[in-house]
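Okay, structure first, notes after.
Number of protein chains: 2
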Amino acid sequence: MKIKNDHNLDFALILANHGVSKTKFRINLLNLFYEKESLTVKEVMNKFSNLINKVTIYRALVSFEEKGLIHKVPSSNNIIRYSLCNSDECSASLHKHNHGHFICNNCNQTFCLENYKSPDIKPVDGFYINSLNLILEGYCKDCHLN
Amino acid sequence: MKIKNDHNLDFALILANHGVSKTKFRINLLNLFYEKESLTVKEVMNKFSNLINKVTIYRALVSFEEKGLIHKVPSSNNIIRYSLCNSDECSASLHKHNHGHFICNNCNQTFCLENYKSPDIKPVDGFYINSLNLILEGYCKDCHLN
DNA sequence: CAAAATAACGCAATTAAGTTGCGTTTATTT
DNA sequence: AAATAAACGCAACTTAATTGCGTTATTTTG
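Sequences listed follow chains X and S, in order.
If you read the first sequence in numbering that gives the first Met the number 0, its first letter stands for residue 0, the second for the next number, and so on.
If you read the second sequence in numbering that gives the first Met the number 0, its first letter stands for residue 0, the second for the next number, and so on.
Following this line, the structure appears as structure tokens:
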């Protein structure tokens, strides 16, 4: 399988720099994250036409997360979403976006809301904070009309 | 089962005002939401010493949500949490808190972070927004030490 | 206030997300 | 190129959440 690379990025190199094995699947998976704001296991399975075992996908996502390539995105359904880390905002121990994310409760797509700014991280006594997310939910244009 | 009522509130009346049946369990469940910042099905089961069938709990939570008593709280694990609606901030179609919520990734407890203020809801073209949540995750004092 | 209608409840069975173990294959290290 | 380590696929498993249905409790109404 070959996925078009619109980003002029060397995904294999990015994986290597993060200490992640450069398998064909993982290179394509990283590419996919550069094309989609966020992904669930099911969405990844569909993108790879169910040719990749779901266990492989779960383990790749865990590996990407451990190595600081992606992070979880909270949502109020019970499906785990992952989103690419932004080097400007994420570090190994602290993940945030500077903007809100909208999750459609019908189609489950996520969208960046650039004019919703997240507050800065400030220490709170007794809490070890490692992620901050501003989450908006509802219905996107397509799903609201139907 | 009888749960102490620290709030001088008539839970049966609140249920009636929202069009929810006043069963013993639902009265006690509403009381519980006034005592805990947020609850999962499992936490409710434990609080009722597993005497209430889990299906009953699921259906009660769905009913409470539909009638605008509680709303879902996003988190990045895959467990659905519910939190009491605040009449100042929530309406039937729009749920928000004016402050952030911290979820411990170990014990799963939630805590209000009053000095993290949520941004105001502003309309975004093409999106029908019905909830806004500022979610912080990490480890609480107890879990960070262990 | 009693009968009819409606909704909640409990049980059993099912669906679906996510996890674990293990033998095999592929990538990385030396 | 050989040795080591990690990824992969399969099957089986765990757990959260859902559905159907007969029974019990609550609400409506006449």
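Note that the Cβ used here is the ideal one computed from N, Cα and C, for glycine as well.
Exposed unless 16 or more other CB atoms sit within 10 angstroms - verdict on residue i
{"i": "residue 19/S", "result": "buried"}
{"i": "residue 103/S", "result": "buried"}
{"i": "residue 71/S", "result": "buried"}
{"i": "residue 150/X", "result": "Nothing about residue 150/X can be reported from this structure: the residues present for chain X run from 0 to 145 only."}
{"i": "residue 50/X", "result": "exposed"}
{"i": "residue 22/S", "result": "exposed"}
{"i": "residue 25/S", "result": "buried"}
{"i": "residue 43/X", "result": "buried"}
{"i": "residue 138/S", "result": "buried"}
{"i": "residue 0/X", "result": "Unreliable placement is indicated for residue 0/X, whose pLDDT of 43 sits below 50; the coordinate value is still reported in the next sentence. Exposed: under 16 other Cβ atoms inside 10 Å."}
Euclidean distance between Cα positions of residue i and residue j
{"i": "residue 47/X", "j": "residue 89/X", "result": "27 Å"}
{"i": "residue 75/X", "j": "residue 82/S", "result": "12 Å"}
{"i": "residue 96/X", "j": "residue 78/S", "result": "23 Å"}
{"i": "residue 125/X", "j": "residue 112/S", "result": "11 Å"}
{"i": "residue 135/S", "j": "residue 85/X", "result": "18 Å"}
{"i": "residue 87/S", "j": "residue 29/X", "result": "43 Å"}
{"i": "residue 132/X", "j": "residue 91/X", "result": "16 Å"}
{"i": "residue 9/X", "j": "residue 98/X", "result": "27 Å"}
{"i": "residue 3/S", "j": "residue 80/X", "result": "Legend: pLDDT at residue 3/S = 49, less than 50; position of this residue unreliable, value from coordinates given subsequently. One C-alpha to the other measures close to 39 Å."}
{"i": "residue 61/X", "j": "residue 109/X", "result": "20 Å"}
{"i": "residue 94/S", "j": "residue 69/S", "result": "9 Å"}
{"i": "residue 123/X", "j": "residue 37/S", "result": "20 Å"}
{"i": "residue 14/X", "j": "residue 66/X", "result": "9 Å"}
{"i": "residue 127/X", "j": "residue 45/X", "result": "36 Å"}
{"i": "residue 117/X", "j": "residue 121/S", "result": "14 Å"}
{"i": "residue 31/S", "j": "residue 33/X", "result": "44 Å"}
{"i": "residue 143/S", "j": "residue 41/S", "result": "23 Å"}
{"i": "residue 35/X", "j": "residue 27/X", "result": "12 Å"}
{"i": "residue 59/S", "j": "residue 52/S", "result": "11 Å"}
{"i": "residue 54/S", "j": "residue 73/S", "result": "22 Å"}
{"i": "residue 119/X", "j": "residue 119/S", "result": "16 Å"}
Option nearest residue i by Cα separation, candidates the options
{"i": "residue 63/S", "options": "108/S, 36/S, 17/S", "result": "17/S"}
{"i": "residue 115/X", "options": "30/X, 12/X, 11/X, 101/X", "result": "101/X"}
{"i": "residue 105/S", "options": "129/X, 109/X, 119/X, 10/X", "result": "129/X"}
{"i": "residue 140/X", "options": "73/X, 118/X, 107/X, 120/X", "result": "107/X"}
{"i": "residue 39/S", "options": "33/S, 142/S, 56/S, 52/S", "result": "56/S"}
Closer than 7 Å: residue i CB and nearest the ligand PLP heavy atom
{"i": "residue 46/X", "result": "Because no ligand of any kind appears in the structure shown, any question about the ligand PLP cannot be addressed here."}
Contact residues within the segment 126–141 of chain S, judged by C-beta distance below 8 Å to chain X: 126, 127, 128, 129, 130, 131, 132, 133, 134, 135, 136, 137, 138, 139, 140
Ranges of the alpha helix (DSSP H) found wholly within the segment 23–95 of chain X, counting only runs of at least 4: 23–34, 40–46, 53–65
Taking only runs of the alpha helix (DSSP H) that begin and end inside the segment 99–144 of chain S, which ones reach a length of at least 4 residues, in chain order? 140–144
Along the segment 108–121 of chain X, where does the CB come closer than 9 Å to a CB of chain S? Name the residues. 110, 112, 114, 115, 116, 117, 118, 120, 121
Taking a cut of 7 Å between CB atoms, which residues from the segment 48–75 of chain X lie near chain S? 71, 72, 73, 74, 75
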